[in-house]
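**Student:**
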Amino acid sequence: MSTTYETLVARAEASTTGLSPERAQEKINANGTLLIDVRERENYIEGYIPGAENVPRGFLELRIESMDNDRSCAIIVYGAQGQGALAAQALQDMGYSDVAYIQGDIDAWQNAGLDINQDRALDKAEVQRYSRHLLIPEVGERGQGKLLDAKVLLIGAGGLGSPTGLYLAATGIGTLGIVDADIVDVTNLQRQILHGTSDLGRLKAISAYETLKEINPGCNVVPHTDYLTSDNIMDILPEYDIIVNGCDNFPTRYLVNDACVFLKKPIVDGSIFRFEGQVTVYTCDGEGPCYRCLYPAPPPADLAPS
Amino acid sequence: MLGVLPGTVGLVQATEVVKLILGQGDPLIGRLLMYDALQMNFNTFKIRRDKNCPVCGDNPTITELMDYQAFCAMDHSDAAD
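Chains as they are written, first to last, in my numbering: chain A, 47 to 352; chain B, 26 to 106.
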């Protein structure tokens with residue numbers, strides 16, 4: 047005897063709990079509800095309910111226990127055209143007791159005018175280049191999309207800016223600005239690995255641009271070849287999400303700090319001296335400290351490390 | 026300056042950038058990481074916002090950019106504590 051898909055869905059709906067999109071929204075807003083989208087990846091990335099994890103229907107039973115092994119955890123599932131109820135049935139059969147599906151699946155959610163998230167879709171070349179990131183759940187396609195959308199400014203293309211720039215370009219940061227007005231000097235080459243011997247006498251920002259473009263042509267590298275001053279910093283910083291400070295002098299440190307506090311931009315700060323280094327993140331939003339909280343005044347000129 | 030030192034420190038910065046963008050893990054917010062290459066020690070210390078900070082404190086006295094070359098050339102020995 048054969049059974050149609052409609053019959054299967056109707057049976058699943060009869061033996062599981064269905065929630066209207068509005069009721070589901072309330073439950074999702076309450077903490078601790080696991081929301082699962084069981085559609086295929088390509089449907090999911092076109093638009094999903096905020097907070098939903100994507101576990102295609104065929105992998106649901108395989109993966110659910112690694113997501114939450116507690117059989118009493120609250121789970122809401124949805125898909126398209128009845129998949130939600132079938133998924134709820136499957137989880138219920140595994141012993142999950144607090145499972146519900148969204149009535150009418152994603153279509154009903156959209157028709158109710160509720161929020162939909164859409165991730166930046168990666169193209170084929172990006173999927174290949176960043177495939178090792180896509181395998182890590184904490185990054186994945188969504189995380190890689192965030193990296194590709196991010197705009198990061200490096201203050202200095204010297205000792206600190208070199209490794210930072212090389213890895214951030216390789217990792218897929220979408221836009222990488224580099225501020226440096228200096229010229230590559232032979233004494234720099236012992237540590238400033240963005241530049242090579244053939245770059246001697248060239249602007250560091252331009253040399254860095256070429257090195258980073260070679261590593262990742264997809265990265266939008268923006269060289270800024272002027273000295274950063276009170277007059278131009280407010281033209282440059284607002285374009286960026288995160289400021290990475292690798293500068294080598296105190297006036298620039300105070301300048302970047304004050305500008306970032308005014309703009310509420312986070313600074314990832316690094317400094318080095320001989321055999322020691324320091325790193326911290328100044329959020330500049332009034333929560334954590336800023337550079338001036340720690341160092342209200344610069345050291346006397348004769349004690350300042352060069 | 027030891028040539029390999031900025032490599033280690035710069036990559037800690039790069040790691041923090043990636044974490045901030047992804048919203049994963051515990052970034053070095055309110056924490057200062059100190060790295061000693063000779064002893065090969067990494068230590069973190071809690072750091073706090075100063076409510077009397079002239080720029081980000083409760084009653085800031087610095088509300089616009091200044092001449093930073095002049096500021097750093099000034100004698101701050103009275104203010105230093």
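No residue lacks a Cβ here, since even glycine has one placed at the ideal position from N, Cα and C.
#1: With 8 Å as the C-beta to C-beta threshold (strictly closer), list the residues of the segment 219-232 of chain A near chain B in chain order.
#2: Verify whether the separation of the beta carbon atoms of PRO209 (chain A) and LEU45 (chain B) is less than 8 Å.
#3: Can you give me, in chain order, the residues of the segment 293-306 of chain A that have a beta carbon less than 9 Å from any beta carbon in chain B?
#4: Using a Cβ-Cβ cutoff of less than 8 Å, which residues in the same chain neighbour CYS119 (chain A) once the five nearest sequence positions on both sides are dropped?
#5: Step through the CB atoms of chain B and report whether any lies within less than 8 Å of the CB of LEU193 (chain A).
#6: Three-state secondary structure (DSSP) at GLN149 (chain A)?
#7: I need the straight-line Cα distance from GLU68 (chain A) to ILE162 (chain A), nearest angstrom please.
#8: Taking only the alpha-carbon atoms, compute the straight-line gap between GLY189 (chain A) and GLY220 (chain A) and give it to the nearest angstrom.
#9: In the structure shown, what three-state DSSP assignment does SER352 (chain A) receive?
#10: Considering LEU67 (chain B), what are the terminal residues of the beta strand (DSSP E) in which it resides?
#11: Grab me the residues of THR33 (chain B)'s own chain with a C-beta within less than 8 Å of its C-beta, minus the 5 sequence neighbours each way, in chain order.
#12: If you count every other CB in all the chains shown that lies within 10 Å of the CB of SER244 (chain A), and 16 or more means buried, which is it?
#13: Does the beta carbon of MET65 (chain B) come closer than 8 Å to any beta carbon on chain A?
#14: In terms of residues, what are the limits of the beta strand (DSSP E) holding LYS197 (chain A)?
#15: Which residues of chain B have a Cβ atom closer than 7 Å to the Cβ of ASN321 (chain A), listed in chain order?
#16: So, at 8 Å on beta carbons, what are the nonlocal neighbours of ASP151 (chain A) in its own chain, with the 5 sequence-adjacent residues on each side left out?
#17: Leaving out five residues on either side along the sequence, give the residues of the same chain with a beta carbon under 7 Å from the beta carbon of TYR93 (chain B).
#18: Output yes if chain B places a C-beta closer than 8 Å to the C-beta of VAL185 (chain A); else output no.
**Tutor:** Quick answer:
#1: ILE219
#2: no
#3: ASN295, PHE296, PRO297, THR298, ARG299, TYR300, LEU301, ASN303, ASP304, ALA305
#4: GLY78, LEU80, TYR142, ASP144
#5: yes
#6: coil
#7: 14 Å
#8: 12 Å
#9: Annotation note: pLDDT 45 at SER352 (chain A) (below 50); position unreliable, coordinate value reported separately. SER352 (chain A): coil per DSSP, three-state reduction.
#10: The question names Leu, but residue 67 (chain B) in the sequence shown is Phe. Here the beta strand (DSSP E) through PHE67 (chain B) covers 66-71.
#11: TYR60, ALA62
#12: exposed
#13: no
#14: 197-201
#15: Residue 321 (chain A) is actually Phe in this sequence, not Asn. Within 7 Å Cβ-Cβ: LEU27, LEU30, ASP61, ALA62, LEU63.
#16: TYR124, GLY125, ALA126, GLN127, GLY128, GLN129, GLY130
#17: none
#18: yes
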